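Residues in the sequence shown are numbered consecutively from 1417, following my numbering.
Encoded as C-alpha cells, the structure appears first; notes follow it.
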Amino acid sequence: QVQLVESGGGLVQVGGSLRLSCTASGSIFSRYAMGWYRQAPGKQFELVAGITTGGTTNYTDSVKGRFTISRDNGKNTAYLQMNSLKPEDTAVYYCAAARAGSNFGSWGQGTQVTVSS
1417 QVQLVESGGG LVQVGGSLRL SCTASGSIFS RYAMGWYRQA PGKQFELVAG ITTGGTTNYT
1477 DSVKGRFTIS RDNGKNTAYL QMNSLKPEDT AVYYCAAARA GSNFGSWGQG TQVTVSS
C-alpha cells in the first residue's frame, strides 16, 4: 500500500497560481496511476485530474486549460499546477493512487486551497 502526503495548498487571489505536490512512499510509485480530487462545501466530491502510469492525462471540464497534472517518478511525486484560479476552485484537494486495473485506493490527507475574490 502506498502512502501519500500532499503539500502546496494555501490562500491565493483570483487569477493566481498554486502548485500542489503529492509525495508517495511505501511502494513503487511508477506502478500507480495518480489522481487529484477535490471536495468543496456543498458540492460533490470530484475527480479534477488524472495521470496514468504512461503519462496520459485527463481533466474535468471546468479545469481544462488551467490545471496541469504531471508526475516525476524519480521523485515519487505527482503535481497539480493550478493557474488562473477562480473562487469556485476553493476546496480541499486530495491526491489518490491506483494500481493498474483498480480503483483509487490510497489517499492523502488533503490540502486546503482557498481562492479569494
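Ideal Cβ positions, reconstructed from N, Cα and C, are used throughout, including at glycine.
All values reported here derive from a predicted model rather than from experimental measurement.
By the neighbour-count definition (other C-beta atoms within 10 Å, threshold 16), S1522 is a buried residue.
With respect to the 8 Å criterion, G1451 and A1440 are not classified as neighbours on the basis of their beta carbons. V1418 counts as buried, since no fewer than 16 other beta carbons sit within 10 angstroms of its beta carbon. Look at N1489 here: in three-state DSSP terms it is helix. In the DSSP assignment, A1507 forms a beta bridge with V1529. Note on geometry: alpha-carbon atoms of F1483 and T1530 lie some 15 Å from one another. Contact between G1424 and T1527 is confirmed by a C-beta separation of about 6 Å, below the 8 Å threshold. For the pair S1532 and G1431, the CB atoms are not nearer than the 8 Å cut-off.
Secondary structure at V1421: strand, using DSSP grouped into helix, strand and coil.
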